[in-house]
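Its first residue numbered 121, the sequence shown is counted upward by one per residue in the numbering used here.
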Amino acid sequence: MTWWLWPKSLAARTAAVLLPGLALVQIAGLTIHTLDRIDIQRIAQARDLGLRIVPIYRAIAAAEPAERPSVLAELHVPPMMTATLANGPPLAPPPAFPPAQQGMFRIGSTSAGLADPRLRWREQLLYREPGTSQILYAFHLPLDGWLHISAEPDPVRPWHSPWFLTAFLLMTATAALLTLWTVRRLTAPVRVLAAAAETLGRDVYAAPLPEDGPTETATAAAAFNTMAARIRRFVGDRTEMLTAIGHDLRTPITRLKLRAEFIDDEDLRARMLADLDEMETMVAATLAFGRDSRVTEPVSQVDLAELMRTILDEAGDAHPTLAHRLSYHGEPHATVRARPVALKRAMANLVANALVYGGSAHVTVSPPADGAVQVTVEDDGPGIPAGELERVFEPFHRLEQSRNRETGGVGLGLPIARNMLRAHGGDVVLSNRPEGGLRAVVTLPV
Ligand SMILES: Nc1ncnc2c1ncn2[C@@H]1O[C@H](COP(=O)(O)OP(=O)(O)O)[C@@H](O)[C@H]1O
Ligand SMILES: [Mg+2]
């Protein structure tokens, strides 16, 4: 249920794992450092207390019990410390002193320099007032009596140095920035590869990827380039074969035409020659198609709206009687990246079909949406039966009623249009308009 919190991009996901990890490591480091410093400061405090307490004790212990109060009155007791003489241990002693710290704060008689056994205390008791840092020392003095010294050690300040916190924050920020930067850098090749795959879909002749950078990136780029080269070769081989077949068919057709001249039956001869003429046109169209698709025209910025208006103008010039049945609607300009000549041929085929089979052509260029621009070419003709809407894209597939020489084509107009649009990453789809006539919808990535 919290999956929506999980980021989508690889970079964000990697950062989402690394940054909390970094935070954890920093917190652990800071804790270790703090505990360590507290320990060191405690040891320093204990030594410091010992150094201040021992002279007081020594002066009192060396004095006769009767003299002790006056000795104590003369003594210099450091501030934050009080020394009192008593007859016994504290009456209501504060209960606990952590055992680990007992050892740390307890004053050793040797380290106090009390070589003379007569000066040594009979007992040393340690108390800590709970909730405060006050430490109460109770010494059972030699001969008799007790000395109570209550001392307040300096507070423990593990982060006392302002530089430490600044340096720590700076270090954390630097590590975080470095992580983010590295993650973005490492995932950049994935973005480049995705963009290249996208470009290849629009244009098989797109420039190859640079094969540099880290080994993995270079290997992926090389593999991608090899794949692109294979696709190009595959496409090239097929058109080459098509052209070769078309080329080789021309000679037998010419021979057949020569032989047909010897047929005595005039009617049969005319029909055979007409068929052979048609075959010749088909072969010529096939060769032209092969030639066109082999040309690797450079991709450039093309104003699709301008291109459509030019096509309509030229169609108007070619069919002056139908000029008033041509119209343009929609965007005044729409820029796409395309091979201009190929794109023009594809779009001109659609407009010519609308004009020839539908008697009119209405072109609409819609504003770009979802990264694609849409062009519709509509006419008011009979349309195409639903079952044939896809089949007309097969080479040489023409509808029965249009099988006459007047309408010209050999059935390659739509296949060529679709082939070229798909090579641009676009497509063309036909449908019948409810009000009659055909609608061709072209989509092209911007
Ligand atoms: N706008 C249209 N209206 C009706 N039929 C069409 C239209 N466009 C294409 N067709 C049909 O699709 C067939 C294939 O078109 P096309 O591939 O352009 O070949 P050609 O125009 O050379 O015959 C045409 O022969 C025609 O029958
Ligand atoms: Mg046509």
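Beta carbons are placed, not taken as given, at the ideal position from N, Cα and C, and that holds for glycine.
Minimum C-alpha distance to residue i - residue among the options
i, options, result
"I255", "L463, F516 and A203", "A203"
"H453", "I227, Q421, A474 and L446", "Q421"
"Q222", "A481, W241, R162 and D264", "R162"
"A513", "D490, P488, A492 and N539", "At residue 513 the sequence reads Phe, which differs from the Ala that was named. Ranking the options by Cα distance to F513, first place goes to N539."
"G491", "Y448, L463, W279 and G546", "G546"
"R322", "P275, A438 and L463", "L463"
"L144", "A560, G436, T292 and L285", "T292"
"A181", "L171, L192 and L313", "L192"
"H544", "I227, T416, T154 and E434", "T416"
"R445", "A468, V476 and M467", "V476"
"E272", "R172, V493 and A405", "R172"
"V355", "F344, V324, P334 and Q494", "V324"
"T139", "K377, P488, R429 and A296", "One detail in the question is off: residue 139 reads as Leu in this sequence, not Thr. Among K377, P488, R429 and A296, the Cα nearest to that of L139 belongs to A296."
"T294", "R248, H517, L142 and A560", "L142"
"A206", "D395, A443, L388 and L261", "L261"
"A489", "T252, A481, L564 and A438", "L564"
"I351", "P334, P328 and A235", "P328"
Pair within 8 angstroms by beta-carbon distance, residue i and residue j
i, j, result
"V461", "V566", "no"
"V303", "A131", "yes"
"V485", "E451", "yes"
"G478", "G501", "yes"
"G557", "E498", "yes"
"Y448", "L432", "yes"
"L427", "G366", "no"
"R465", "V419", "no"
"A135", "L300", "yes"
"E331", "A342", "yes"
"L246", "F225", "yes"
"G529", "P515", "no"
"F284", "R248", "no"
"T288", "L150", "Residue identity check: residue 288 is Phe in the sequence provided, not Thr. Result yes, Cβ atoms of F288 and L150 sit closer than 8 angstroms."
"L396", "A380", "yes"
"L195", "A212", "no"
"P199", "L263", "no"
Span separating the alpha-carbon of residue i from that of residue j
i, j, result
"M121", "L470", "In this prediction, M121 scores a pLDDT of 47, lower than 50, which makes its location untrustworthy; the coordinate-derived value is nonetheless stated afterwards. C-alpha separation (whole angstroms): 51 angstroms."
"I176", "V137", "59 angstroms"
"M201", "R277", "20 angstroms"
"V549", "V562", "7 angstroms"
"M347", "A338", "14 angstroms"
"K128", "A315", "17 angstroms"
"N552", "P505", "8 angstroms"
"F409", "L534", "12 angstroms"
"P210", "A166", "21 angstroms"
"G109", "P189", "Since the first residue of the chain shown is 121 and the last is 566, residue 109 is not available in this structure."
"T359", "M402", "15 angstroms"
"P579", "E400", "For residue 579 there is no data in the structure shown, the boundaries of the chain being 121 and 566."
"R242", "S270", "19 angstroms"
"L239", "G228", "13 angstroms"
"R518", "A405", "14 angstroms"
"T319", "L541", "14 angstroms"
"E434", "P309", "46 angstroms"
"E336", "L369", "50 angstroms"
"P554", "V495", "18 angstroms"
"A326", "A340", "17 angstroms"
"T230", "P282", "39 angstroms"
Closer than 7 angstroms: residue i CB and nearest ligand 2 heavy atom
i, result
"N539", "no"
"I479", "As written in the sequence, residue 479 is Gly, which differs from the Ile given in the question. No."
"A466", "no"
"A472", "yes"
"G533", "yes"
"N345", "no"
Residue i CB to nearest heavy atom of ligand 1 below 7 angstroms
i, result
"G556", "no"
"R518", "yes"
"P460", "no"
"P502", "yes"
"V512", "yes"
"D499", "yes"
"N552", "no"
Residue i Cβ short of 7 angstroms to ligand 4 heavy atom set
i, result
"G529", "As presented, the structure is devoid of ligand 4, carrying ligand 1 and ligand 2 as its sole ligands."
List, from N- to C-terminal side, the beta strand (DSSP E) runs of 3 residues or more that fit wholly inside the segment 130-206.
201-206
Write down every uninterrupted run of the beta strand (DSSP E) in the segment 253-292 whose length is 3 residues or greater and which is fully enclosed by it, in chain order.
255-260 and 266-271
Contained beta strand (DSSP E) runs [length at least 3] in the segment 487-533, N- to C-terminal order
492-498
Would you mind listing the beta strand (DSSP E) stretches within the segment 394-474 that are 3+ residues and don't spill past its ends, in chain order?
420-423, 446-450 and 455-458
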